[in-house]
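Have a look at the structure below before the remarks.
Number of protein chains: 2
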Amino acid sequence: MADLNRIWTAALIVIGDEILSGRTQDKNIAQIASWLNVQGIRLREVRVVPDVEAAIVEAVNALRARNDYLFTTGGIGPTHDDITVDAIAAALGVEVEVHSEARAVLEGYYATRGGLTEARLRMARVPAGSSLIENRMSGAPGIRHGNVFIMAGVPHITAGMLDSLTGTLEGGLPLLSAQIGCWVAESEISDLLGRTEKDHEGCQIGSYPFFREGRTGANFVIRSTDAEGLERCIADLSARLEAGGWPVVAGGI
Amino acid sequence: MADLNRIWTAALIVIGDEILSGRTQDKNIAQIASWLNVQGIRLREVRVVPDVEAAIVEAVNALRARNDYLFTTGGIGPTHDDITVDAIAAALGVEVEVHSEARAVLEGYYATRGGLTEARLRMARVPAGSSLIENRMSGAPGIRHGNVFIMAGVPHITAGMLDSLTGTLEGGLPLLSAQIGCWVAESEISDLLGRTEKDHEGCQIGSYPFFREGRTGANFVIRSTDAEGLERCIADLSARLEAGGWPVVAGGI
Chain W
1 MADLNRIWTA
11 ALIVIGDEIL
21 SGRTQDKNIA
31 QIASWLNVQG
41 IRLREVRVVP
51 DVEAAIVEAV
61 NALRARNDYL
71 FTTGGIGPTH
81 DDITVDAIAA
91 ALGVEVEVHS
101 EARAVLEGYY
111 ATRGGLTEAR
121 LRMARVPAGS
131 SLIENRMSGA
141 PGIRHGNVFI
151 MAGVPHITAG
161 MLDSLTGTLE
171 GGLPLLSAQI
181 GCWVAESEIS
191 DLLGRTEKDH
201 EGCQIGSYPF
211 FREGRTGANF
221 VIRSTDAEGL
231 ERCIADLSAR
241 LEAGGWPVVA
251 GGI
Chain D
1001 MADLNRIWTA
1011 ALIVIGDEIL
1021 SGRTQDKNIA
1031 QIASWLNVQG
1041 IRLREVRVVP
1051 DVEAAIVEAV
1061 NALRARNDYL
1071 FTTGGIGPTH
1081 DDITVDAIAA
1091 ALGVEVEVHS
1101 EARAVLEGYY
1111 ATRGGLTEAR
1121 LRMARVPAGS
1131 SLIENRMSGA
1141 PGIRHGNVFI
1151 MAGVPHITAG
1161 MLDSLTGTLE
1171 GGLPLLSAQI
1181 GCWVAESEIS
1191 DLLGRTEKDH
1201 EGCQIGSYPF
1211 FREGRTGANF
1221 VIRSTDAEGL
1231 ERCIADLSAR
1241 LEAGGWPVVA
1251 GGI
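These protein sequence lines map, in sequence, to chains W and D.
Take 1 as the starting number for the first sequence in our numbering and just add one per residue.
Take 1001 as the starting number for the second sequence in our numbering and just add one per residue.
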């Protein structure tokens, strides 16, 4: 029988000078994190690295070894700055080869778009031994090699690839979460939060302060894989806040 | 005389379960990257780590050693999940102490806000030997220890801390960038891009495809520390695109 208490982890490498230069605001971390939660997999760590082979190789080898899954985004297009496939093949110690199914996919996609040029054929190159991840939005597929998942950088294409992977990766219990909010400065209730967390094993309480409409407030996110434990922790935290004179807003503010 | 060709680098560690769970979309990577560019410092790598001391320690020690500057965001509030100061002190091998100036700042800030409680005093704790970074938005200051800069996680507070650091860090030539756009599939001009980059030493060309209004296009970002070289590269790339039959939109699409 599967061990339901086993925690499955993933890491993500965001590849791209455009993120490190500040030109592009990353959107893949949050969407991949949310998707992984639903699969029962925790995103444990993220690295953003430049379009530099040595940097990609170092990150791939550090993270694939210590996580169940490793995802990468970015650098799988047809241009000179798209070096992800070559870098990951180098990290894995395998050759790069043209994947026949990927080639067929691209031939079909570009049949009415000017044909499969040499540059476009670059997008059929994979680390030897890979399988493909369906791209439901455009031509070039994603790539899977062992526990490494090589995805697009453009967020809506990444989303389509995640969609095609939904339900195919083994995970554990999904991490459930619930939120409540309060018009209180978190510094007034930090002891209360810490004590409540200690009293509810298996629950983590995160505190996220904000300043809005001229007032100080905070949302509290409780996370657990145990639905009943989560309910008990929310009820207890709410009761303690109310008893302190701070009305609780269910769902957060 | 200073070596103007020296490249100054920074790394960033984003600390927080809320980013890794997908609850919060990070906004600090892009704003710190943009700010660093203006200081003449390149953001070379980013890691997102959970609120776990060992993970923070590993990242701090890996990144501070190989970059001129290391920034962290998140985890410096008053609650039980705010462990950044303790973790960084552990990484640096120093004690945690209450910083008298930080204590005075907090006393002033909370004088009209209910007073400096024990929980709030936590925000005056620093790795021994630190100086402070002014917080222009709220009470708790940021912290500097050697080449490590410990900043808030809330983006507008981080922005105020960056503002107070503007012009105080040694950097090199800022990385200049310019953008042009074209209604072209990047796969049609990938050779052209690669050749143009090769012909302009010191310039990098990034290609950022998009699909909009039912059409395929791409923006090209050219980066260099040399303003004249950048101008020449843009002019050459534009001429090559126009000669290929693709009208260029200055500034990007």
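Each residue gets a CB set at the ideal place from its N, CA and C atoms; glycine is no exception.
query: Whether residue 1077 (chain D) touches residue 209 (chain W) by CB criterion (8 Å); result: yes
query: Near-chain D residues of the region 130-144 of chain W (beta-carbon distance less than 8 Å), N- to C-terminal order; result: 138
query: For residue 125 (chain W), the residue or residues it bridges with in DSSP; result: W:98
query: Assigned exposure category for residue 258 (chain W) - 16 Cβ within 10 Å defines buried; result: Because chain W here runs from 1 to 253, residue 258 (chain W) falls outside it and cannot be looked at.
query: 6 Å Cβ shell around residue 221 (chain W) - same chain, five flanking residues per side excluded; result: 177, 179 and 206
query: Beta-carbon neighbours of residue 1249 (chain D), restricted to chain W and to distances below 8 Å; result: Those within 8 Å of residue 1249 (chain D) in chain W number zero; the least Cβ separation is about 17 Å.
query: Coil, strand or helix - residue 173 (chain W) by DSSP; result: coil
query: Contacts of residue 1023 (chain D) in chain W (Cβ-Cβ under 7 Å); result: 221
query: Start-to-end residues for the beta strand (DSSP E) that takes in residue 209 (chain W); result: 204-212
query: Residue(s) in a DSSP beta bridge with residue 1224 (chain D); result: D:1176
query: Close-in-space but distant-in-sequence residues of the same chain around residue 1157 (chain D) (CB under 7 Å, 5 per side omitted); result: 1135, 1137 and 1138
query: Endpoints, the alpha helix (DSSP H) within which residue 1161 (chain D) is located; result: 1155-1165
query: Residue 1219 (chain D) - DSSP class collapsed to helix/strand/coil; result: strand
query: Any chain W beta carbon closer than 8 Å to residue 1193 (chain D); result: yes
query: Contact check, residue 1029 (chain D) vs residue 1060 (chain D), beta carbons under 8 Å; result: no
query: Inter-residue CB distance, residue 1255 (chain D) and residue 1051 (chain D) (contact presumed, cutoff 8 Å); result: Because chain D here runs from 1001 to 1253, residue 1255 (chain D) falls outside it and cannot be looked at.
query: Listed by chain order, chain D residues near residue 50 (chain W) by CB distance under 8 Å; result: 1044 and 1045
query: Local conformation of residue 1035 (chain D) per DSSP, three classes; result: helix
query: Selection of the region 1066-1087 of chain D by Cβ proximity to chain W, strictly under 9 Å; result: 1077, 1078, 1079, 1080, 1081 and 1082
query: Coil, strand or helix - residue 181 (chain W) by DSSP; result: strand
query: Sufficient close CB pairs (3 or more, under 8 Å) joining the region 182-192 of chain W to the region 1116-1123 of chain D; result: yes
query: Beta-carbon neighbours of residue 1117 (chain D), restricted to chain W and to distances below 8 Å; result: 187 and 188
query: Within 8 Å, strictly: CB atoms of residue 94 (chain W) and residue 125 (chain W); result: no
query: Whether residue 261 (chain W) touches residue 73 (chain W) by CB criterion (8 Å); result: The structure shown has nothing for residue 261 (chain W), since chain W only spans 1 to 253.
query: Terminal residues of the beta strand (DSSP E) in which residue 130 (chain W) lies; result: Residue 130 (chain W) -> no beta strand (DSSP E), and no H or E assigned at all.
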